[in-house]
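Note that our numbering has the sequence shown beginning at 1382, numbered continuously upward.
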Amino acid sequence: MANRIDEKLSALKSAGATALVPFITVGFPDVETSEELAKAVLDAGGDMLELGVPFSDPVADGPTIQMTSFRALEQGANVRTSINVVRNLRSAGVTSPLIFMGYLNPFLHYGIERFARDASEAGLDGIIIPDLPPEEAEPYLTALERHGIYLIP
């Protein structure tokens, strides 16, 4: 089965177009609204969607994303919540590629093999982990690939 990211990028390339990939933080301002925002930005022309997984120390992000992450955490959003949002979006008929952007520690805590399995079953297509050193990526890459999820550098 081809990954939805490949299918979308191939279609865009054939059309001579570039990808519009909006970002929202899961759980901001609340989970239900973030799900509605996800559908709205895709309906408005987003080709893929990057879903920020809330983290307490998002050092690679600017102040706006840091604030949304902190607020989402205050409401209890986490990796499991993020996976459930993907599942809900797929159940609502969303077919666009969905990509997580999140920091390594929450995925380690969840368990990388368990995460890869649960996220794949929910319908996740890719993940960006900005604080994963390339020289330490192999076990994560292996687990994610086994479940059809791209690790995006």
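Idealized CB from N, CA, C, for every residue including glycine.
Distance, Cα to Cα, E1413 vs V1475?
Between E1413 and V1475, the C-alpha separation is close to 15 angstroms.
Could you please give the first and the last residue of the uninterrupted beta strand (DSSP E) stretch that includes F1409?
Looking at the DSSP string, F1409 is not in any beta strand (DSSP E), and its letter there is neither H nor E.
For the alpha helix (DSSP H) containing I1493, list its first residue and its last residue.
Annotation: the continuous alpha helix (DSSP H) that includes I1493 extends over 1493–1503.
Taking the straight line between their C-alpha atoms, what separation do you get for A1419 and M1429?
C-alpha separation (whole angstroms): 10 angstroms.
Any idea what DSSP makes of L1432, helix, strand or coil?
In the structure shown, L1432 sits in a strand (DSSP, three-state: E or B).
Under 9 angstroms between the Cβ atoms of P1410 and E1431?
Contact check for P1410 against E1431 fails: the beta carbons are separated by 9 angstroms or more.
Could you tell me the distance, in whole angstroms, from the CA atom of T1406 to the CA atom of L1393?
C-alpha separation (whole angstroms): 25 angstroms.
Compute the distance between the beta-carbons of S1463 and V1440, then report whether it is under 9 angstroms.
Taking 9 angstroms as the Cβ cut-off, S1463 and V1440 do not qualify as a contacting pair.
Compare the C-alpha of I1386 against each of H1490, A1500, L1489, S1477 and name the closest.
That would be S1477, whose Cα lies nearest to the Cα of I1386.
Alpha helix (DSSP H) containing L1525: first to last residue?
Bounds of the alpha helix (DSSP H) holding L1525 are 1519–1527.
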